[in-house]
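Visitor: Chains as they are written, first to last, in my numbering: chain A, 1 to 344; chain B, 345 to 688; chain C, 689 to 1032; chain D, 1033 to 1376.
This is the structure in structure tokens:
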């Protein structure tokens, strides 16, 4: 069994990682950490995890424990202080924070407001989006998992850009996220009466996930490009839908565009590309580690419309982290992730 | 008092028109019609309208009654048979259906599947979006009110196009609507477990409101243009948000773009243009006849992002119909529409 | 015009009072107060109230302004310090807090944890539930409005108890409230992911509204009685439903029980008693100052089931406050309250 | 492997059974049936079940297939025609419909409107609520699983009645259910705008689950008793909360009442009895086969308040069916049911 420590396990992302590790056939959960909830039991904070009687320990204690795998779900800037030591102790690290996603430490400092304290690790960190590059993840010692927005946006945008059926310039990403993406800390924006029966854009063209999307889209394009990214807050707990608009290359019709996606993701265990005429809903991926994709083409204007639905806390966070850990550690990629989400 | 008949009053749009007419200081509701619910009382079908003891009569009976104003909220193709006679009897008509919105009868037939039976009236029908052209509505005998999608999309897109600060080509409209926009008839798509906790695109680049948006955007551009329009279904009863993406002209910065909207809608009783940095939510317009607009500019890619929030059944339907009737009949434009929506 | 000051206007209750005063034909809003949001404009905090450009002033300033009517929507214990001075200056007071509802100062101290600082005013304060006693309100200088739970519970329970068709002992009140009842301050319990897609009881048999319900139920019974009151939190913003269970007196059948309610509330402008077989929903009263009541009888066990639906922020708070002010000041009881809520 | 056929697999209950069978370590899904969706693939109707490429066959075909276990999730009255033949062929039957729950065929006819066509099987059918009687289920050939309302109501009521700490007379069950309990067929009541942001009672004291609750409560009481049962529809997809009110016996205090529940369910793998002061939410059981229980006592009136939260489609339907099948067939009782539900 692989001994696992989850750091930052009291937040939603960490609790979902906890849940998946508890159900993983090859993993054993040895510790969970939380600074704010240290001393409380998992099943007290999350009654859904009935039977898990581990108590949260402080982060600083958790990172010194013997473990084969340390999964971090602390906020950005809080992961990088721990990672070098954990790696030095020989554990594999899957980081669900933003700390090791950007390759350029200057970009990191610009968007997160502090210098990167472990910049030498950035080059070696694998970007944890298996369907767009699982080679780098297999055998990696440090995987930086993308968050929910980049996951859905990139799965929708990259195949067309890679296949050169659409321009990598002028890409528009209109993303809609459930409220759990904002985490467990109450705020005015996440107060039920504030966001229920409502939808609104926020941080239009200025969200922290934008440089990460650009970095990966540029890699696909082979040159530096920039996408316009506008997130919206939805009145649902879970679910994230990215609707991506790209200018299609001349001569590409609807069937050809669809075929690019169907071919690109053929055989992927966690991706469904719907037939033409069907668009995915976030409901159909809720609770599962899945990404469902729909393709349409506005042939009049030559605008390709690709939507990608994921569960923001599973394929968008915890499921992806486990999937990356599976790849890095040599498990079957789907181990611990085969449970179907609820049908409705 | 202006005697008003509401045709198609048992659907959501018609019931909201009924509600507003009941509260209008210069209007008297003389009849409401429904074929499917004929004989039932308004307060029985809609207990919120307690005290309104009118019973629904069949459409065919309602359109022959003496009235100064006939407001139609029947489905598309069901309004055009009645309108010529009603006009001939001397009543003014506000039509909330799609039947008189498109100027081109061939377009109508293409999108609605039947020939237009009153095509000679199309040229004279005023397009009922007062903030983008109230002159044509004042004194009109037939007003074709746009639906919720075109209202929000056009309020967001037209000012930039008119002012030539953005290209009229390549416009992308990503719209999100509450479920009440689908009307009162149950269906698989509107079944609570189907759409709750979910979001999805539908009729991507193929929705019936697309030609209407193009018609009005082309008028603003002074040439024929086409926008990509993708509607989404939201897990809320009311509210519609259009997020519009336009390629900005060179030399236009964020402040200049914002100023175009602030100036364009200065003094409008029902429109708020938020200061830079603030985007509207659908919650803040729920229940009121308002459109709230936010502006942002992605200066890296030159993409202008404009969001417009409305209540789909008020500014998107019934409120707009009353506003148009006010203009056409010489009432104060805000008569019957001054009640604030709930604060939360 | 009656000059009105709203104290505690930045919370949900105060903002709804603000909204209703703005639309009242005989009232003029002269000031709104908030300590936490002093200096901000109403339309900035509540964009739904577009056009209201008053800025919040501190409470201490607001209560010294010239006003004919001061409406307080501050939290419990925060109203009583202001009320004696405001009354002394000659203004009429409608208090939406709990401070003047209980007649017994010892009870107040027991449930609210502090001695009552204006206990001499308790005897003279009118209990502001017009349909169960409007005589005391007419001409009152101080009205203590009940909150949402007592309003719905008492409208459902009192008629049967008064008419002696049911026992005043063993009454069970199972109440379900939307989240806005918890106010505007974010908390773990009101965080969207906490309460969305969920329902739970809280403070079972120990809620602060319990003594107030008992006080009024005892008055109806003519002796001291106690009801079991269990509130629940619902995944909706607005709406409150009280389901009340009473043991029916022998010989009372379904029709007789229903007749008691229909007769008791006949002619009430804001109450609908549904015919047998129909139970009210909170949706049908949303946004209006209404209470809708349904009656059923379990003839096997002799249990009378009465449900009462209200909008917690209108009939449960702000609308009731305006209704009481209308009665106290000699306006038509329905002034400013005639707007219908949305049909859906 | 146990070969399983799911009859009525296209409805929500059947689809959840399908999902659980697909993940069961000892079961193999050999066929799924639907008359209305015959020919469609499971993954087409329920994209969440991606990878399940079985196509629905008609019921009449499914019941003739070789199977070790036939699980029925057809509507009431539709199961009884198939069961005798299926049993005769040697398969074990778990029936999630109401057809074999009532022991008294006359009662069945009274509530379901048709004579029972297989009444001779009623006496031998085990009532499938393991925590209140798993002995009868072990080894049974026909298990009649209770639905969501009786499951939650009985888990909350029976321990107090069995232990004689509360009267079996005058029990009140106020139950709140998510909309998925109404099934997959759209209707006016389940139309999103009808039930969103709303709560209402329905079939007060006249619901079909009432005789079933009475039957089991009477068994616990040792005499014929009747509980008042009032279901409510909640604006959530899943979740069911039963709030049960019982008159406590003299001398029983809060701790004693709580101890009865804690002792009764000690060691149960799927039940948590919360400590005093904590009440369960439906969110915490969503997606898992769990029942969470909270206990409070109104010591003034001697009213015991017990709430029980379940996921209506798991512990209320499909999970319970699998749990019963496990018991009947000799699997570990928790086989296929160990996956945790989402934490939020």
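Ideal Cβ positions, reconstructed from N, Cα and C, are used throughout, including at glycine.
1) So with CB distances below 7 angstroms, who are the chain D contacts of residue 521 (chain B)?
2) So who's on the other strand from residue 573 (chain B), going by DSSP bridges?
3) By how many angstroms is the C-alpha of residue 430 (chain B) removed from the C-alpha of residue 444 (chain B)?
4) Would you list, in sequence order, the uninterrupted alpha helix (DSSP H) runs of no fewer than 4 residues that lie entirely inside the segment 237 to 282 of chain A?
5) Excluding the 5 residues flanking residue 1116 (chain D) on each side, which residues of the same chain have their C-beta closer than 6 angstroms to its C-beta?
6) Is any beta-carbon of chain C found at less than 7 angstroms from that of residue 186 (chain A)?
7) Under 7 angstroms, do residue 936 (chain C) and residue 854 (chain C) count as touching if we go by C-beta distance?
8) Alpha carbon to alpha carbon, what distance is there between residue 78 (chain A) and residue 1049 (chain C)?
9) By the 10 Å Cβ neighbour count, where 16 or more other Cβ atoms means buried, how is residue 1295 (chain D) classified, buried or exposed?
10) Closest to residue 184 (chain A) by CA distance: which of A:275, A:2, A:16 is it?
11) For residue 1349 (chain D), does the count of other Cβ atoms within 10 angstroms reach 16, so buried, or fall short, so exposed?
12) Report the residue from C:892, C:752, C:780, C:815 whose alpha carbon sits nearest the alpha carbon of residue 790 (chain C).
13) Can you pull the chain D residues whose beta carbon is under 7 angstroms from the beta carbon of residue 986 (chain C), in chain order?
14) Between which two residues does the beta strand (DSSP E) carrying residue 1325 (chain D) extend?
15) Taking Cβ-Cβ distances shorter than 7 angstroms, what residues in chain D pair up with residue 272 (chain A)?
16) Counting C-beta neighbours from all protein chains within 10 Å, is the total for residue 405 (chain B) 16 or more, i.e. buried, or is it exposed?
17) List the DSSP bridge partners of residue 1223 (chain D).
18) Short of 8 angstroms Cβ to Cβ, which residues in the segment 650 to 680 of chain B face chain D?
19) Between residue 1322 (chain D) and residue 189 (chain A), which are expected to be in contact by the criterion C-beta below 8 angstroms, what is the C-beta distance as a whole number of angstroms?
20) Could you name the residues of chain C that residue 366 (chain B) contacts, counting a contact when the two beta carbons are closer than 8 angstroms?
21) Does the separation of the CB atoms of residue 905 (chain C) and residue 848 (chain C) fall below 7 angstroms?
22) Starting from the Cα of residue 714 (chain C), find the closest Cα among C:1030, C:1028, C:989, C:1019 and give me that residue.
23) Against residue 237 (chain A), what residues of chain C qualify as contacts under a CB-to-CB distance less than 8 angstroms, listed in chain order?
24) When the Cα atoms are used, what is the spatial distance from residue 1255 (chain D) to residue 1037 (chain D)?
25) Under 8 angstroms, CB to CB, which of the residues in the segment 1275 to 1302 of chain D have a partner in chain C?
26) Our contact map puts residue 1368 (chain D) next to residue 1055 (chain D) with C-beta atoms below 8 angstroms; I'd like the distance itself, whole angstroms only.
27) Report yes if the C-beta distance between residue 1338 (chain D) and residue 1276 (chain D) is below 7 angstroms; otherwise report no.
28) Could you tell me whether the segment 309 to 329 of chain A touches the segment 1340 to 1354 of chain D, using the rule of 3 or more Cβ pairs below 8 angstroms?
29) Which whole runs of the alpha helix (DSSP H) in the segment 710 to 768 of chain C are 4 residues long or more, in chain order?
30) Cβ closer than 9 angstroms: which chain A residues qualify as neighbours of residue 546 (chain B)?
31) Confirm, please, whether the CB-CB distance from residue 175 (chain A) to residue 202 (chain A) is below 7 angstroms.
32) Going straight from the alpha carbon of residue 1213 (chain D) to that of residue 723 (chain C), what length do you get?
33) Taking just the CA atoms, how far does residue 225 (chain A) sit from residue 88 (chain A)?
34) Name the DSSP beta bridge partners of residue 648 (chain B), please?
35) What are the boundary residues of the alpha helix (DSSP H) that includes residue 565 (chain B)?
36) Can you say whether residue 266 (chain A) is buried or exposed, counting buried as having 16 or more other CB atoms within 10 angstroms of its CB?
Guide: Taking the geometry as given:
1) Going along chain D, no residue has its Cβ under 7 angstroms from residue 521 (chain B), so there is no contact; the nearest lies around 12 angstroms.
2) In the DSSP assignment, residue 573 (chain B) forms a beta bridge with B:517.
3) The straight-line gap separating the alpha-carbon atoms of residue 444 (chain B) and residue 430 (chain B) is approximately 14 angstroms.
4) Within the segment 237 to 282 of chain A, the runs of alpha helix (DSSP H) that reach at least 4 residues and sit entirely inside it are, in chain order, 254 to 264.
5) If the five residues before and after residue 1116 (chain D) are omitted, its C-beta is found closer than 6 angstroms to the C-beta atoms of 1150, all from its own chain and listed in chain order.
6) Residue 186 (chain A) counts as touching chain C.
7) Residue 936 (chain C) places its beta carbon less than 7 angstroms from that of residue 854 (chain C).
8) Outside the shown range of chain C, which is 689 to 1032, sits residue 1049 (chain C), and nothing can be said about it.
9) Counting C-beta atoms within 10 angstroms of its own C-beta, residue 1295 (chain D) has fewer than 16 neighbours from the protein chains shown and is therefore classed as exposed.
10) Ranking the options by Cα distance to residue 184 (chain A), first place goes to A:16.
11) By the 10 Å Cβ count, residue 1349 (chain D) comes out buried.
12) Between residue 790 (chain C) and the set C:892, C:752, C:780, C:815, the nearest pair of CA atoms involves C:815.
13) Proximity of chain D to residue 986 (chain C) at the Cβ level (cut-off 7 angstroms) is accounted for by 1237, 1260, in chain order.
14) First-last of the beta strand (DSSP E) with residue 1325 (chain D): 1323 to 1330.
15) Contact annotation for residue 272 (chain A) against chain D: 1079, 1082 [CB-CB distance below 7 angstroms, chain order].
16) Classified as exposed, residue 405 (chain B) has fewer than 16 neighbouring CB atoms from the shown chains inside 10 Å of its CB.
17) According to DSSP, which records beta bridges pairwise, residue 1223 (chain D) is partnered with B:535.
18) Of all residues in the segment 650 to 680 of chain B, none has a Cβ within less than 8 angstroms of some Cβ in chain D.
19) Taking 8 angstroms as the upper bound for CB-CB distance, residue 1322 (chain D) and residue 189 (chain A) are not in contact here, some 31 angstroms apart.
20) Listed along chain C are 1028, each with a C-beta nearer than 8 angstroms to that of residue 366 (chain B).
21) The Cβ atoms of residue 905 (chain C) and residue 848 (chain C) do not sit closer than 7 angstroms to each other.
22) Of the residues C:1030, C:1028, C:989, C:1019, the one whose Cα lies closest to the Cα of residue 714 (chain C) is C:1019.
23) Chain order gives the chain C residues near residue 237 (chain A) as 880, 881, 884, 885, where near means a beta carbon separation below 8 angstroms.
24) C-alpha separation (whole angstroms): 38 angstroms.
25) Within the segment 1275 to 1302 of chain D, the qualifying residues are 1275, 1277, 1279.
26) Contact holds; Cβ gap of about 6 angstroms.
27) The answer is yes: Cβ separation under 7 angstroms.
28) No: fewer than three Cβ pairs fall under 8 angstroms.
29) DSSP runs (the alpha helix (DSSP H)) wholly in the segment 710 to 768 of chain C: 730 to 733, 747 to 750.
30) Within 9 angstroms Cβ-Cβ: 279.
31) Taking the C-beta atoms as reference points, residue 175 (chain A) is found no nearer than 7 angstroms to residue 202 (chain A).
32) In a straight line, the C-alpha of residue 1213 (chain D) is about 46 angstroms away from that of residue 723 (chain C).
33) Taken atom to atom, the span from the alpha-carbon of residue 88 (chain A) to that of residue 225 (chain A) is near 36 angstroms.
34) Bridge partners of residue 648 (chain B) according to DSSP: B:590, B:641.
35) Per DSSP, the unbroken alpha helix (DSSP H) holding residue 565 (chain B) starts and ends at 553 to 565.
36) With fewer than 16 other CB atoms across the displayed protein chains lying within 10 angstroms of its CB, residue 266 (chain A) is exposed.
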